Amino acid sequence: MKRSALTTICLILILATKSFAQGTSSISVSNEPEKKRFSAEWRLSMKGQGEEDLQSQSKYVDLRLELKSKYILSNSLYIDLQPAIRLVSGQSQTVDGADSMKNALLLNQAGLMFKPANYFQLAAGALDQRYNHTSLLVDSIAFPTARLQSLYRVGSTVSGLVVESAIPTSTSLSTNTQEKEPTPGLNSAAIHMNYMPSKSAFWKNRVGYFVYSNLPSSVARDSMLLGNEVNTISDAHYQFVNEYAGIEAGTDMQVPVGTLFDAIFAAEYLVNQKAEQGQNSAYAVTVGAVTHLSSDNDLTLRAKYFSVEPEATVAYFNARGYETNRVGYAVEGIFSFKKQGFNLGAGYREAEVMFTNTVQSREKTIMIKLETFYANI
372 MKRSALTTIC LILILATKSF AQGTSSISVS NEPEKKRFSA EWRLSMKGQG
422 EEDLQSQSKY VDLRLELKSK YILSNSLYID LQPAIRLVSG QSQTVDGADS
472 MKNALLLNQA GLMFKPANYF QLAAGALDQR YNHTSLLVDS IAFPTARLQS
522 LYRVGSTVSG LVVESAIPTS TSLSTNTQEK EPTPGLNSAA IHMNYMPSKS
572 AFWKNRVGYF VYSNLPSSVA RDSMLLGNEV NTISDAHYQF VNEYAGIEAG
622 TDMQVPVGTL FDAIFAAEYL VNQKAEQGQN SAYAVTVGAV THLSSDNDLT
672 LRAKYFSVEP EATVAYFNAR GYETNRVGYA VEGIFSFKKQ GFNLGAGYRE
722 AEVMFTNTVQ SREKTIMIKL ETFYANI
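Each residue of the sequence shown is one higher than the one before, starting from 372 at the first, in the numbering used here.
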């Protein structure tokens, strides 16, 4: 009943937004030059990655073309479309299917944004979940979502509340449900507070509450291979032992130290209040620095330590970042060639299993990446 009511409210908001757009676009947009209504920028990246543990291994090259575009329908309504094309070449032998190696057309975001005032926005569509969640909870992935946010700016500080109702899906926007399974859900609310006095100095914070519901059997099956505790009902049906609902928080800061050095610090924390203590929490801490080698070149170095207990979150949705039942570290170095407009980086990650099981083992990942800056079309 609650799910039906929530779905009805979201549909009403979306239809009302579309009706408003139809009534206002002919008034406020028709006299604007076409070039001001549409803007877009693109980026190209190429990543070579190798992953290995006792059960699986993969070595591949991932080429991506990403686009960020905006089409303004009226002064208060616009479309935010961010598609990506992924081309993969290599070989993979793996037991999990959370992020299989395949060519794909992806959506980083595709939403209709209604912003009648500077402090209020209503969004609907396939929206990037990392906007309102930590990397411990979910990868950078777009879920079908209705989002309401109210953010206020006072000087260099922006703070407020963001509320979401989403349908957890895969990268293909499939809910992975089988016959007669209810639609899954991810409902959340978070308080944001960001302090940004300059481009090179910021302090971003958020704390929120999340609730997963009606997670399908196929997600439980894949999550079992990634660290979660799952009951096998039959050969085709699986069920999570625990539910997933709790608190997440994150902070991210960069502080200039003199003219040649910026210090970096970030931390995230998550606890699943539906699972027992000792199995239900996760955290990650990152320290690093940006060194300004010259006016055109920067060197960024980061080191991260993370710990994700088996029942902290749904492993299928954070598999590209952490999985669960893992503790480990990662290091990364990035050269930024600002005049030429690209980044060149390399990284190494090693993760051990917290509690021994038959499907996980110590894993190692090495990565090199070339990424251009976003350029206007």
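Glycine included, C-beta positions come from ideal geometry on N, C-alpha and C. Everything numeric in this text was worked out from a predicted model, so none of it was measured.
Burial state of phenylalanine 677 is buried, judged by a 10 Å Cβ sphere holding 16 or more other Cβ atoms. When the beta-carbon positions are compared, proline 555 and asparagine 576 stay at least 8 Å from each other.
Around the Cβ of phenylalanine 726, a 10 Å sphere holds fewer than 16 other Cβ atoms; the residue is exposed. The segment 434 to 442 and the segment 406 to 425 touch, with three or more beta-carbon pairs separated by less than 8 Å. In chain order, Lys645, Ala646 and Glu682 place their CB closer than 6 Å to the CB of asparagine 613, counting only its own chain and leaving out the 5 sequence neighbours on each side. Under DSSP, the beta-bridge partners assigned to methionine 564 are Ser530 and Asn576.
When beta bridges are read from the DSSP output, tyrosine 640 appears opposite Ala620 and Tyr654. The beta-carbon separation of glycine 617 and asparagine 643, rounded to 4 Å, stays under the 8 Å limit for a contact. For valine 590, the enclosing alpha helix (DSSP H) covers residues 588 to 595. For phenylalanine 744, the secondary structure class from DSSP, reduced to helix, strand or coil, is coil. Glycine 526 and lysine 441 have their C-alpha atoms spaced approximately 27 Å apart.
Separation of the CB atoms of arginine 518 and valine 533 is rounded to 7 Å, and the pair is thereby assigned contact status at 8 Å. For a cut-off of 8 Å, the C-beta gap from threonine 516 to alanine 488 is around 21 Å, too long to register as a contact. By DSSP's assignment, glutamate 614 forms no beta bridge with any residue.
Beta-bridge partners of glutamine 480 (DSSP): Gln453. Glycine 482 is a Cβ neighbour of aspartate 451, given a cutoff of 8 Å. When only Cα atoms are considered, serine 463 and alanine 690 end up about 16 Å apart. Beta-carbon to beta-carbon, alanine 572 and valine 626 are separated by about 6 Å, close enough to satisfy the 8 Å threshold.
If you look at asparagine 446, you'll find it isn't in any beta strand (DSSP E); DSSP assigns it neither H nor E.
Here tyrosine 687 is buried. Its C-beta has 16 or more other C-beta atoms within 10 Å. C-alpha of valine 724 to C-alpha of aspartate 499: approximately 29 Å in a straight line. Contact annotation: alanine 655 and threonine 684 have beta-carbon atoms that are not nearer than 8 Å. Assignment of arginine 501 by DSSP, reduced to helix, strand and coil, places it in the helix class. Take the alpha-carbon of serine 447 and the one of arginine 673: they are about 39 Å apart.
Per DSSP, reduced to three states, the secondary structure at asparagine 668 is strand. Taking the Cα of lysine 710 as reference, the smallest distance to any Cα among Arg720, Asn668, Val730 and Val702 is reached at Asn668. When DSSP states are grouped into helix, strand and coil, alanine 686 belongs to the helix group. The DSSP-derived three-state label of arginine 691 is coil. Out of Phe706, Val582 and Leu507, the CA that lies nearest to the CA of phenylalanine 744 is found in Phe706. Checking the DSSP bridge columns, you'll see serine 416 partnered with Arg435 and Glu742.
Shown here, arginine 518 sits in a strand according to DSSP, grouped into three states.
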